[in-house]
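Residue numbers (this note's numbering), protein chains in the order written: chain U, 1 to 331; chain Z, 1001 to 1535.
By construction, the Cβ of each residue, glycine as well, lies at the ideal position given by its N, Cα and C atoms.
Taking it in order: structure first as structure tokens, then the write-up.
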Amino acid sequence: MNKKDLGLLILILVVGAVVAIINPRFLLPINLANTSNLIGLFGILSIGQAFVIITGGIELSVGSVVALLGTLFIDFIAVREVGWPLAFVLIIVLGAVIGFVHGWLITRLKLQPFVVTLCGLLIYRGVARFYTADGTAGFAFGQNFPTLEFLTAGRSYGVPNSFIALIVIAIVMWVVLHRSVFGRYLYAIGKNEEAAKYSGIRTGRIVIAAYVICGVLTALSAIYFAMYTRSISPASHGQFYELYAIAAAVLGGFSLRGGEGSLVGVILGTVLLQELQNLVNLLGIPSSLNFAVMGGVILIGVLVDQQWGVFRARRRMMEATRRNVAGAPAE
Amino acid sequence: MAHRLLPSAVNHGVMTSTDTTQPTTAPFLGLEAVRKTYPGVVALDRFSMEVRPGEVIGLVGENGAGKSTLMKILGGVTRPDSGTITVDGVAHDGLTVEQSIGSGVAFVHQELNLFENLDVAANIFFGREPLRAGPLKLVDRARLREMVAPLLKRVGANFSADAPVASLSLAQQQMVEIAKALSIKARLVILDEPTSSLPLAETEKLLDVIKGLKAQGISVIFISHRLHEIERVADRVVVLRDGTLAGTLAKDQINHDEMVRLMIGRMLKAREKAGEATRAPGSVALSADAIRTSTYPDRPVSLEVRRGEILGLAGLVGSGRTELARVLFGIDERLGGNVALDGKPLNVGSAADAVANGIFLVPEDRKLTGILLDLSIAQNISLPNLPAHARRSLVSTGAELATAEKQKKNLGIKAPSVLTRTGTLSGGNQQKVVLAKWLAMNPKVMILDEPTRGIDIGAKAEIYGLMRALADAGVAVLMISSDMEEVIGVSDRIAVMHEGQISGILDKDDFSQENVLLLAVGKKPKLLQAAGGVQ
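Set out below in structure tokens:
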């Protein structure tokens, strides 16, 4: 854990302490369980986004993909009566395909990530609404999938299984990002794609892989979101989720230029965002101010981080000068 | 030492002309006992010099000798810790940027400061555009063109004021920079390694421009690692070493060996040559047959590089050398022709293919494509061969560091540790890191594009030595270079390109500056025997 992550963790704890003092209900098991469930759902989404951002790209279609794949998943198991394990696999594959197409358009046809995924955002939302004829996808009365429900919306020892899923995924993805050859390539490409290419790295394939990972994780979280809400109106389900994911990554120290950020950072970013959501609810702040609070905190966080960096650089310089002057030989 | 005592630089506010050697022109700018320290280093110490009108001063010194600091002080970007700067007899503790510009100091930096998306005229008068009357204050294009025309003429430009800068060659862009300097009525133009990226013919042109400036009474400080250019234009040479004045050479004392001796404090043998080949070249390693690049799609290029030889590839900038290298390395698409490695046809579709086959490129632009400035030395070295430094696709830091330590020692990379960010290294050491990553992988063919551009003499000699060692180990070395001294001094054979085609190949007996130049402009060379190598 680097200093940036540590700072973020301290911020999370301080905000938590303040909220807990003002409203002790913050620490009730039911509140913590609900919040950690949301952290799990958004965390999986944000890790996917982080893999794309590290390459210097961006994935704006995440929210629409959550809506489309969530709708399809519920439709598959509730209406078309596909077995849920098969439906699960289908959705994950679909997510991978979407990611692959995005990556392919970006690397092979040299389209800008922003443009490709913005179009995705519009297309998938439209397809989802068309698919249900703007209706709501949901389960019929009495339809039950006990195993699936346990795995997605259930709890083990009071801990939401979605949160446990996040922890498992985070550990795996931490190894991938920070220890594997692939992870090193991702950072290299994010820092300087040209130089990476000149070092013999097949940058196109690596970038496509990043979008596929994002697609798969988004598909997974789409299933979790679907089982959490249990009914989906495709017009609004998952709206702005891409921004939650991007915000979590930025809070976690990712640079949108690529090449910077840590997995721990993006998880902590997600935690802070959900804590803020919770804070708005618990402190009786009008929920219409929800986004304003989040935006304000992110802005302050980024500002403090940057100013801190400037301050540290200056202090280092001054110290070195002092040392130099003291150590300079007398003439 | 003597000129430090000149009163002109010491007396505050007193105009003097007590200089005995050149009584007609008093210095208008003087530095006296200037000292500047940065955290951990004394960048400049007890440094004094003066600039007289119409004087061309050659400023030489290895990288890190203090040239950049001196430039920053003259440009008003940095204040010295102590010492005086005298401008027109007025003493200052340090200049501000405004004072520097006001005194007529103009810079042409090694890395050009141009807006590539704007045209020549807009660049020259950026922020100072003539405006039309009226509330909208629109740019007066006609007037602008009128103002630019004489400036372009003065630098001998062969392009129009409307040309987008992006469409100009590096040499032409440099002329734009000089025109820009002239436009602010500069009295002193400081050229920071202007020729390091210029080809031969363009270099000549630039030297002419310098002479032209001199004739107009404008002083020039000419910083270059190419000493023969300094020899040709400088009236005086100031040599910096380790932040102090190593010596000043008057016009009649200027010669190559003396400059080198002052710069490095010792004599370099054999004019920084790489040394002779110790073995006869072997079989053909890389053969390019009728390769066509996207820059010259109708000009096929054929070339053979043998094991154990250094083939120099000379030519003017824009003659298609870099493009050929990029195609051979798989970066650019090959529009036609065949490549063979050790006699077997090879399809290089990407840099990854080239690397997998032992064909490596040390690219022209070190900072953009050669290394990743944000990564450590070790991470840069292992990058092309990462799977070999990994177990079950997880990076083994131990293996990575071991490789890096070995290369650091072999190449003499000067850095606190292999974990140092490459961005903090000097140019020469950065280039060694680029070389190190390939040397760690057993190259078969090594292509080097301007391998010593912007690198100091000490590191240059080391890089020449490395190239020779590679060749002696049986590697085929293809070296693209615009530095005449380098091409002739290092190569075993020289291929010269002219407008996308090989205009001739010279064997060692026919090496001469004249022959290379003749071929570079598409003329016939003067050969000792009627060789078959030239078409």
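CB contact below 7 Å: L1478 (chain Z) versus chain U: no
- prompt: So what does DSSP say about A133 (chain U), is it helix, strand or coil?
  reply: coil
query: For the segment 1419 to 1453 of chain Z, which residues have a beta carbon sitting closer than 8 Å to at least one beta carbon of chain U?
result: K1437
- request: Could you tell me if E1486 (chain Z) is buried or exposed, where buried requires 16 or more neighbouring beta carbons within 10 angstroms of its beta carbon?
  value: buried
query: Exposed or buried, R1271 (chain Z), counting other C-beta atoms within 10 Å across all chains shown (16 or more means buried)?
result: Unreliable placement is indicated for R1271 (chain Z), whose pLDDT of 42 sits below 50; the coordinate value is still reported in the next sentence. R1271 (chain Z) comes out exposed.
message: With a threshold of 7 Å between beta carbons, is A1285 (chain Z) in contact with chain U?
response: no
query: By DSSP, does S1396 (chain Z) sit in helix, in strand, or in coil?
result: coil
field: Cβ neighbour criterion (16 or more within 10 Å) applied to T1195 (chain Z)
entry: buried
message: Let me check understanding here. Comparing Cα to Cα, which of U:I58, U:W84, U:V66 lies closest to G126 (chain U)?
response: U:V66
Proximity of L1572 (chain Z) and A188 (chain U) at Cβ, strictly below 7 Å: Any answer about residue 1572 (chain Z) is impossible in this case: the structure gives chain Z only from 1001 up to 1535.
message: Tell me the residue span of the alpha helix (DSSP H) that contains E1304 (chain Z).
response: No alpha helix (DSSP H) holds E1304 (chain Z); the beta strand (DSSP E) holding it covers 1301 to 1306.
- request: Check the Cβ-Cβ distances between R314 (chain U) and every residue of chain Z, and say whether any is below 7 Å.
  value: no
- prompt: Is the beta carbon of L1303 (chain Z) sitting closer than 7 Å to the one on A1288 (chain Z)?
  reply: yes
task: Look at G1247 (chain Z) and V1239 (chain Z) and say whether their C-beta atoms are less than 7 Å apart.
output: yes
query: So is P1363 (chain Z) in contact with chain U if we call contact Cβ pairs under 7 Å?
result: yes
query: When you check each C-beta in the segment 185 to 202 of chain U against every C-beta of chain Z, which residues fall closer than 9 Å?
result: Y185, Y187, A188, K191, N192, E194, A195, A196, K197, Y198, S199, G200, I201, R202
- prompt: Once you ignore the five residues that flank L279 (chain U) on each side, which residues in its own chain have a CB closer than 6 Å to its CB?
  reply: V19
message: Which residue wins for smallest C-alpha separation from E1276 (chain Z), given the options Z:D1208, Z:E1309, Z:V1301, Z:D1374?
response: Z:E1309
query: Got a sec: is the Cβ-Cβ distance from D1242 (chain Z) to anything in chain U below 7 Å?
result: no
task: Run down chain Z in chain order and give the residues with a C-beta less than 7 Å from the C-beta of G332 (chain U).
output: Limits of chain U in this structure are 1 at one end and 331 at the other, which puts residue 332 (chain U) out of reach.
message: For I53 (chain U) and A1402 (chain Z), I'd like the C-alpha separation in whole angstroms.
response: 31 Å
field: Burial state of W1438 (chain Z) (16 or more Cβ within 10 Å)
entry: buried
query: From W84 (chain U) to F76 (chain U), what distance separates their C-alpha atoms?
result: 8 Å
- prompt: P29 (chain U): which of U:K110, U:F88, U:L68, U:P160 sits nearest, CA to CA?
  reply: U:P160
message: Does the contact criterion of 3 or more C-beta pairs under 8 Å hold for the segment 1334 to 1347 of chain Z versus the segment 1291 to 1298 of chain Z?
response: yes
message: I'd like to know if L1383 (chain Z) contacts chain U, where contact means its C-beta is closer than 7 Å to some C-beta of that chain.
response: yes
message: Determine whether the beta carbon atoms of S1382 (chain Z) and A1390 (chain Z) lie at a separation below 7 Å.
response: no
field: Minimum length 4: unbroken alpha helix (DSSP H) runs contained in the segment 124 to 171 of chain U
entry: 146 to 153
query: For the segment 237 to 262 of chain U, which residues have a CB atom closer than 8 Å to at least one CB atom of chain Z, in sequence order?
result: G259
message: If you follow the alpha helix (DSSP H) that N1357 (chain Z) is in, where does it begin and where does it stop?
response: Premise fails: N1357 (chain Z) is in no alpha helix (DSSP H) and is neither H nor E.
message: Is the beta carbon of F1360 (chain Z) closer than 7 Å to that of P1451 (chain Z)?
response: no
field: DSSP beta-bridge partners of D1289 (chain Z)
entry: Z:N1338
task: Anything in chain Z within Cβ reach of I182 (chain U), meaning under 8 Å, just list it in chain order.
output: Position check: residue 182 (chain U) holds Phe in this sequence, whereas Ile was assumed. Near F182 (chain U) (Cβ distances below 8 Å), the residues of chain Z are S1393.
- prompt: What does R179 (chain U) touch in chain Z if you count any residue whose Cβ is under 7 Å from its own?
  reply: L1394, V1395
message: Cutting at 7 Å between CB atoms, please list the residues of its own chain near T1037 (chain Z), excluding the five before and the five after it.
response: A1043, D1081
message: For L1131 (chain Z), count the other beta carbons within 10 Å of its own beta carbon; 16 or more makes it buried, fewer makes it exposed. Which is it?
response: exposed
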